[in-house]
Ligand code: PGA
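Here is the structure:
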C-alpha cells in the first residue's frame with residue numbers, strides 16, 4: 001500500500017470566525033479519507049479551529065511562532081502557548097515570513113528549536129525566488145536554507161520535521177511548477193537530507209507548495225518524491241480542501 005500523502009492548508013491572514021464554522025460544516029466524510037490533514041488558521045482562531053476540527057481528524061497548527069519561549073517579546077506568540085492551545089505543529093520559514101518580515105535562517109533555526117522542544121511538529125518551508133532560479137542558483141539557495149535553518153537539531157527530533165518546498169515564484173501566482181520540475185527538486189532535497197543532514201529515508205517528508213489546487217493536485221501528488229501539498233488559496237473553502245483530500249486518498253490505495 002502506498003504511503004499516505006499530506007494535505008496541509010495554510011489560511012494565511014484570511015477567514016473570520018463565521019468562515020471557520022462554514023469551512024468545517026459538511027466535512028464529516030473527510031474522516032474516512034486516508035491522508036494526513038492539517039490546517040493553519042490565524043493564531044487567534046487556533047482554539048476554535050481545534051474545537052471544530054476535533055471530530056474530523058484534522059491537525060491544527062500555527063503559521064508562525066516566536067524564537068523565544070517566554071519574556072519581553074511584544075506581539076510574539078510562544079511555542080508553549082501554541083502547544084497549550086492544542087495545536088500539534090507550526091509552520092516555520094514560510095516565504096512570506098522570509099520576504100515580507102525579513103526572517104533569516106539563523107532566526108528560523110531558533111524557531112525550529114523552540115517548536116521542537118515544546119513537542120510541536122515543524123513544517124519547515126524553503127524555496128527559491130524567480131531570479132535565483134533564472135540564475136541557476138535554486139539548489140544552492142535550498143541547501144543554505146536547509147543547512148542553516150536545521151543546524152544542530154538533535155537526531156531524535158528528525159521525525160518531527162516536515163519540509164515544504166515552495167518556489168516563491170509559484171506562491172499565490174497561479175504559476176505552478178510542473179510535476180517534473182517539482183519532483184526533480186524534491187529528489188535533490190531528499191538526497192541532501194539523507195546524505196548531508198543524516199536523515200533516514202523515512203524521516204524525509206517533502207510537501208510541494210505553490211498554486212496547488214484540485215485541478216493540478218493529482219499530477220503533482222502522483223510524483224514519487226512529492227509526499228503531499230501545502231496549499232494556500234485553494235484550502236480556504238471546505239469543499240476544495242475535501243476535494244484535495246479525496247485526491248490524496250485515491251493515491252494512498
Ligand atoms: P498558494 O500558497 O497555494 O496560494 O500558492 C501556498 C503557500 O503559501 O503555502
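Numbering (this note's numbering), first residue to last: 1 to 253.
From the three backbone atoms N, C-alpha and C, an ideal C-beta is built for every residue, glycine too.
- Residue environment: residue 102 is assigned as exposed (fewer than 16 neighbouring CB atoms within 10 Å of its CB, all protein chains considered).
- Proximity of the beta carbon of residue 211 to ligand 1 is indicated: a heavy atom of the ligand is located closer than 6 Å.
- Rounded to the nearest whole angstrom, the C-alpha separation of residue 223 and residue 217 is 10 Å.
- If you draw a straight line from the Cα of residue 111 to the Cα of residue 28, it is about 34 Å long.
- DSSP links residue 36 through a beta bridge to 6.
- A residue is called buried when at least 16 other Cβ atoms come within 10 angstroms of its Cβ; residue 53 meets this threshold and is buried.
- Counting along the chain, the unbroken alpha helix (DSSP H) around residue 112 starts and ends at 105-117.
- Across the structure, residue 240 and residue 214 are spaced so that their CA atoms are roughly 7 Å apart.
- Assignment of beta strand (DSSP E) within the segment 160-237, counting only whole runs of 3 or more residues, yields 161-165, 206-209 and 228-231 in chain order.
- At the C-beta level, residue 69 and residue 116 stay beyond 7 Å of one another.
- Contact holds between the segment 153-172 and the segment 197-213, because three or more Cβ pairs, one in each stretch, are under 8 Å apart.
- Residue 171 has its CB nearer than 6 Å to a heavy atom of ligand 1.
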